[in-house]
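The opening position of the sequence shown corresponds to residue 549 in my numbering, with each subsequent residue numbered one higher.
Heads up, the beta-carbon is just placed ideally off N, CA and C, and yes, glycines get one too.
Note that the structure is a prediction, hence the values are computed from the model and not measured.
This report refers to the structure that appears directly beneath it.
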Amino acid sequence: MVEISLLGKPVNTIGSLPQIGSFAPDFTVTKTDLSEIHLKNYLGKIIVMNIFPSLDTETCATAMQHYNELAEKFPDVLILCISADLPFAQKRFCITQHLENVQPVSVFRHPSFGKDYGVTLIDGPLTGLLSRAVIIVNENGKIIYTQQVKEVAEGPNYEAITNVLEKTKYAYAK
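Written as structure tokens, this is what we have:
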């Protein structure tokens, strides 16, 4: 369990993020067309997991714009935007916001994702939703970066994420 905050008030997650250097747990999530994908199907690619409570918040909407720009800058990187929002809402949001470079996916059928990654909020007004976190997985399925955002209403450290992707990009080129 990790204590973070929501608008300055303490809330807790169900666990901790997986350790850097460990293999990312496989998962199943639902795409906007209601098909399901698994992490194991994307091994061989660098994957950024943008994990967040809901698209219906300003912070999450802003984050999606940032990740869409990152995906444009790093076209070989898969950016999964993971929340408990229904796939229909995710699709509508991405269309209205012109987000074409990220892959929104939902855990609405698969709550085990939040438990396996330690990001389900277990108390406070957003109980049952996911906390704001970032996990980057290399092409071999190993976790190379994690960030549990301490204040749910704030965005992640985009500079750190970009730096990791830049380093990975150069390592890939060798």
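Each residue's CA atom was taken as its position, placing A637 and T644 some 11 Å apart. Cα atoms of K621 and I683: separation of roughly 18 Å, rounded to the nearest angstrom. Per DSSP, the beta-bridge partners of K690 are F571.
Per DSSP, K639 lies in no beta strand (DSSP E) segment; the continuous alpha helix (DSSP H) that holds it begins and ends at P635 to T644. H614 sits in a helix when the DSSP states are folded into three classes. Residue pairing for M597: DSSP places it in a beta bridge opposite L628 and I683. In this structure the segment 684 to 702 touches the segment 587 to 603; the number of beta carbon pairs closer than 8 Å is three or more. If you draw a 10 Å sphere on the C-beta of M549, you find fewer than 16 other C-beta atoms in it, and that means exposed. By alpha-carbon distance to Y665, the top candidate from L587, L555 and P652 is L587.
T607 and E702 have their alpha carbons spaced roughly 6 Å apart. Judged by DSSP secondary structure, S654 falls outside any alpha helix (DSSP H) and instead within the beta strand (DSSP E) spanning Q651 to S654. For K557, DSSP records a beta bridge to L554. Between T561 and S679, the alpha-carbon positions lie close to 7 Å from each other. Per the C-alpha coordinates, the member of A619, P558, P573 and K557 positioned closest to F661 is P573.
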